[in-house]
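Asker:
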Amino acid sequence: MRDTNLEFCIPNCMISIPVLRWGQPYTSMDVDEVVHFSTGEPIARVSRANGGLIHKDMRKAQRARDALRTVPIDELIDRAGRAGELYMSATLPMGDGTQTPDEFVHAQSASTGLPETLCRANMKKNAFVLARMRDILTALTRGLALDVLTKGHGEERHVPISYQAQSPVLGLVLPSNSPGVHVLWMPIIPMQIGLVLKPGPQEPWTPFRMAAAFFEAGIPREAISIYPGEADVGAAVLDSCPRSLIFGGQPTVDRYKGNPRVQAHGPGFSKILIGDDQVDQWEQYLDMMVESVAVNSGRGCINASGIWASRHTRDIADAIATRLAAVKPLPPDHPEAALAAFTVPGVAAAISQSIDADLKTPGVTDVTAKYRQGERLVPHGRADYLLPTVIHADSPEAPVAKKEFMFPFVTVVECPQEKMLESIGPTLVCTAITCNETFRRQLLDAVHIDRLNLGPVPTSRLNWLQPHEGNIVEFLFRARAFQTAPLGA
Amino acid sequence: MSSVSLEVPAARVAAAREALDAWVREVVDWHFDPATGCPFWLERAKTLGWDPRREVKGFDDLRRFGEFDDEWLRGGPVQRWVPRGMAGKPVYVFETGGTTGTPKTRINCEDFRIDYEIFADTMSEEHFPKGANWLMLGPSGPRRLRLAVEHLAQYRGGICFCVDLDPRWVIKLIKKGWSEHLQAYKDHVIDQGITILQANHDIRCMFTTPKLLEALALRLESMGTSIRKIGIQGVFCGGTEFTPQWNRFAHEELLDGAYMIPMYGNTLMGLAPSAPTGPHNNYKIAYYPPQPRAAIEVVDFDDPNRIVDYGQTGRVKLTTLTKEFFMPGFLERDEGEREAPYDRAPWDGVSGVRPYRGFASTTTVGVY
């Protein structure tokens, strides 16, 4: 039986990973090492692109779409499904070597600090989306005949329609800390749009493995570029791709707000609101609340960072804290590991200090403090862990009520129901527990709530048939007026 | 001291060192002579407690001055830097590149011409033909580089066309995150360059920065032409960090066969061109200063008086030794690896130049 002493399984072969320029490997003279999050031992050597390389390559971006348009969307969907199977089960090329699914999980865990169980869960998510691609595209396009995306026009209910691609490729500036976000770009290739990926510095694995799976499944190589690198590479991707997704913090979101070329994904500030009519039965929803806070180590924008109710809030906080007290750092390959490490030095300490500063606000308490032994911050090797933290705030005015951190962290906020919607602020996912029709109507009308769950659906549980934080089809294609008439003789 | 490259006879290295020591004595004598020195150094001499003219026998003795604080160059009166020996000569004042706030200034009479004439004499006729016209696609305004490149062109018998480029505005755009404005300004600069290149002026040589070279090459490519096809034979390039990977990228994908000389330098030191670079040396860029008028040392991060071994990493320490400007032991905002002497420069150089790790996170690199 494993104890809680942290042990780390270190991959024993060093892989060299090149830049991928429209499917062709390019070994740069600049190389970054990807290292084990705790020991610092090198795991891979990754070629570093330079910004000019991307600007140069993007002159040929149209070729990516042209190549994809030689394959019908129906066929691309089938190949995407095959790619998902290969991604899950095959030994695939990775740089100058190969990688089995288990090796992929070990490597991803070793560089990101995410427990292997969560890496495997994220793999399943990606594969699921690829397997259900036809349904997902049908849902995202609301039943559009998919060849309209290829031809650019068609007819629906006897009315001419036109969907115009706004870019031959989609740029993605990806994060290191949450492999789950990769599902967002899975539908792009089947829509005959090329991919320009800038992986997170600690997570080159998914983009390269997925690209290898796509190629093996028959996706044209010239449809995918992958540019590992530094900030200049991310800037070049955003500059040169007419449509891009970027993942970052609130400053990133603020910076690109209103920019039609860029969809920025940042903190979600997702929340659970419990109406006055249901709050006396709060214990029925405890599992849902714990899952919303803690699944995927609390790293996602869809994890709940706030639980709001008008009463019983101390009891709710106490019950969640009791449950989360069992979550402790475990070796990444431990089957029960649920807590991810912070791999960037100083980040966890800064977060912990920020929480401590918030605790100085009157009416704010750390409910987990009495259930844990020792400090919230647990240093280990080069990495740190933050133990799950449940805060209670007796007022929505407390600044901590609107905080989100990348670990299992939640503030249970005492707030009258009639003040909730004006106080919660922007909310990516809102799960509302209420049968009160007036409150439900107000929730449906609240424009600062993006994804709404009416009923006990964990905030973290997505229906992939629905768009996430903006419909990717609407981002990439513009619906426009279109008419044709026969030319005269 | 570590051994030097076997490619350069020890006697040549020793001779260069003797010439440096002799020049140091002459320059120190000039700057600390009340009849020829500048007010700044003459005043400073009073606080030293020793007499530089008597006690500086060679380059190593310059360490006694300690580190040169470039903050001394901010603000006036600028006349305190004008040597009395230059009285009556026209004086230029040049400002450092892309920083904001009160700029650092250096006075010049003839230095920029002398430095660039020495460099011009090393240029090949094949790539930088005499009589060819030049394009200066780089910073304008109060910068030494703008006049120096123009003089370089004139010295080789050509005429230099220039553009307007304000690097301080570029830095502001970057800091504000105004990426659209930054792109628009870069386009504006490239537009000016393209207009000149298409105007039948027989421009065959160019100075530019790495980022502008990249932008120009990509623009020309989109027009169905290239740096080489539009007539450029030789490019003299510098001003920002210049990595071997970027050098390779430029050679393989931007220059289309045009020749390029990477350059390192600044207003305070002058220019240090690179030794020949290309596939033969894995695109390594090693800069060599115009010794004895300037010297580069690569020193220990914690002990600026200790020169690191060849191939080892340290901070770049510059010393400028001209009759117009004396700057002993200035610790640059760069680091790199110490390079051994080579055939055309039998003294130390530096390679792998990049922002000093102690400042790197706070430095904003623009187009210049």
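These protein sequence lines are chains A and B, in that order. Residues -14 to 474 in the working numbering are what the first sequence spells out, letter by letter. Residues 732 to 1099 in the working numbering are what the second sequence spells out, letter by letter. Glycine included, each C-beta is placed from N, C-alpha and C at the ideal position.
Identify each residue in the segment 1024 to 1043 of chain B for which the Cβ-Cβ distance to at least one residue of chain A is less than 7 Å, and report them in chain order.
Answerer: Per Cβ criterion, the list is empty.
Asker: Please list the terminal residues of the continuous alpha helix (DSSP H) segment that includes residue 836(B).
Answerer: Here residue 836(B) belongs to no alpha helix (DSSP H); instead the beta strand (DSSP E) covers 836 to 839.
Asker: Using the Cβ count rule (16 or more neighbours within 10 Å means buried), how would you classify residue 919(B)?
Answerer: Exposed, by the Cβ-count rule.
Asker: Going by C-alpha distance, which of 27(A), 21(A), 23(A), 22(A) is nearest residue 1(A)?
Answerer: Among 27(A), 21(A), 23(A), 22(A), the Cα nearest to that of residue 1(A) belongs to 27(A).
Asker: In terms of residue numbering, what span does the alpha helix (DSSP H) encompassing residue 163(A) cover?
Answerer: Note, residue 163(A): premise wrong, no alpha helix (DSSP H); not H, not E.
Asker: Quick one: using the 10 Å Cβ neighbour count with 16 as the cut-off for buried, is residue 839(B) buried or exposed?
Answerer: Buried, because 16 or more other Cβ atoms sit within 10 Å of the Cβ of residue 839(B).
Asker: Measure the alpha-carbon distance for residue 373(A) versus residue 267(A) and round it to whole angstroms.
Answerer: Roughly 21 Å between the two C-alpha positions.
Asker: Could you give the DSSP three-state label for residue 175(A): helix, strand or coil?
Answerer: Reduced to three states, the DSSP call for residue 175(A) is helix.
Asker: Taking all protein chains shown into account, decide if residue -14(A) is buried (16 or more other Cβ within 10 angstroms of its Cβ) or exposed.
Answerer: Note that residue -14(A) scores a pLDDT of 32, beneath 50, so its modelled location is shaky and nothing firm can be said.
Asker: Thinking C-alpha only, which one of 861(B), 897(B), 932(B), 1079(B) is nearest residue 1006(B)?
Answerer: If we check each option's Cα against that of residue 1006(B), 1079(B) comes out closest.
Asker: Thinking C-beta only, is residue 254(A) closer than 8 Å to residue 290(A)?
Answerer: Cβ distance < 8 Å, so residue 290(A) and residue 254(A) count as in contact.
Asker: My output table needs one value for residue 37(A): the three-state DSSP class, helix, strand or coil.
Answerer: DSSP places residue 37(A) in helix when its eight states are reduced to three.
Asker: Determine the burial state of residue 135(A): buried for a count of at least 16 other Cβ atoms within 10 Å of its Cβ, exposed for fewer.
Answerer: Buried, by the Cβ-count rule.
Asker: Are the Cβ atoms of residue 34(A) and residue 280(A) separated by less than 8 Å?
Answerer: Contact: no.
Asker: Would you say residue 927(B) and residue 934(B) are within 8 Å of each other, going by their C-beta atoms?
Answerer: Cβ atoms of residue 927(B) and residue 934(B): closer than 8 Å.
Asker: To the nearest angstrom, how far is it from the Cα of residue 913(B) to the Cα of residue 940(B)?
Answerer: Their backbone Cα atoms lie some 16 Å apart in a straight line.
Asker: I need the straight-line Cα distance from residue 59(A) to residue 191(A), nearest angstrom please.
Answerer: Between residue 59(A) and residue 191(A), the C-alpha separation is close to 24 Å.
Asker: What do you reckon, are the CB atoms on residue 179(A) and residue 144(A) nearer than 8 Å?
Answerer: Contact: no.
Asker: Which whole runs of the alpha helix (DSSP H) in the segment 343 to 412 of chain A are 4 residues long or more, in chain order?
Answerer: Runs found: 402 to 408.
Asker: Can you pull the chain A neighbours of residue 909(B), defined as C-beta to C-beta under 9 Å?
Answerer: Neighbours of residue 909(B) on chain A: none; closest Cβ ~10 Å, over 9 Å.
Asker: Quick one: using the 10 Å Cβ neighbour count with 16 as the cut-off for buried, is residue 195(A) buried or exposed?
Answerer: By the 10 Å Cβ count, residue 195(A) comes out buried.
Asker: Hey, is residue 1014(B)'s beta-carbon within less than 8 Å of any beta-carbon in chain A?
Answerer: Chain A, which has a Cβ nearer than 8 Å to the Cβ of residue 1014(B), makes this yes.
Asker: Would you call the segment 324 to 335 of chain A and the segment 344 to 358 of chain A in contact, with 3 or more CB pairs under 8 Å?
Answerer: No, they do not touch.
Asker: Using 8 Å as the threshold, is the C-beta distance between residue 22(A) and residue 323(A) below it?
Answerer: No, the pair does not count as a contact, with Cβ atoms beyond the cut-off.
Asker: For the candidate residues 968(B), 876(B), 906(B), 868(B), whose alpha-carbon lies nearest to that of residue 921(B)?
Answerer: If we check each option's Cα against that of residue 921(B), 868(B) comes out closest.
Asker: Count the other CB atoms, across all protein chains shown, that sit within 10 Å of the CB of residue 853(B); report buried if there are 16 or more and exposed otherwise.
Answerer: Answer is exposed; the Cβ neighbour count stays below 16.
Asker: With 16 other CB atoms within 10 Å as the buried threshold, where does residue 833(B) fall?
Answerer: Residue 833(B) comes out exposed.
Asker: From 139(A), 9(A), 408(A), 82(A), pick the residue whose C-alpha is nearest to that of residue 467(A); which is it?
Answerer: Comparing Cα positions, the closest option is 139(A).
Asker: Can you tell me whether residue 41(A) is buried or exposed, with buried defined as 16 or more other CB within 10 angstroms of its CB?
Answerer: Result: buried.
Asker: Between the segment 244 to 251 of chain A and the segment 125 to 135 of chain A, are three or more C-beta pairs nearer than 8 Å?
Answerer: Judged by Cβ distances under 8 Å, the segment 244 to 251 of chain A makes no contact with the segment 125 to 135 of chain A, as fewer than three pairs qualify.
Asker: Return no unless some Cβ of chain B is closer than 8 Å to the Cβ of residue 17(A).
Answerer: No, its Cβ sits nowhere closer than 8 Å to a Cβ of chain B.
Asker: In the DSSP assignment, find the unbroken beta strand (DSSP E) run with residue 1044(B) in it and report its ends.
Answerer: Run containing residue 1044(B): 1044 to 1052, per the beta strand (DSSP E) assignment.
Asker: Would you mind telling me which residues of chain B sit closer than 9 Å to residue 44(A), beta carbon to beta carbon, in chain order?
Answerer: The contacting residues are 949, 952, 953.
Asker: Using 8 Å as the threshold, is the C-beta distance between residue 395(A) and residue 292(A) below it?
Answerer: Cβ distance < 8 Å, so residue 395(A) and residue 292(A) count as in contact.
Asker: Check the C-beta distance from residue 462(A) over to residue 151(A) and give it rounded, since I have them as a contact under 8 Å.
Answerer: Going by Cβ atoms, the distance from residue 462(A) to residue 151(A) rounds to 7 Å, so yes, they are a contact pair.
Asker: By the 9 Å beta-carbon criterion, what residues does the segment 1063 to 1095 of chain B contribute toward chain A?
Answerer: Taking 9 Å as the Cβ-Cβ cut-off against chain A, none of the residues of the segment 1063 to 1095 of chain B qualify.
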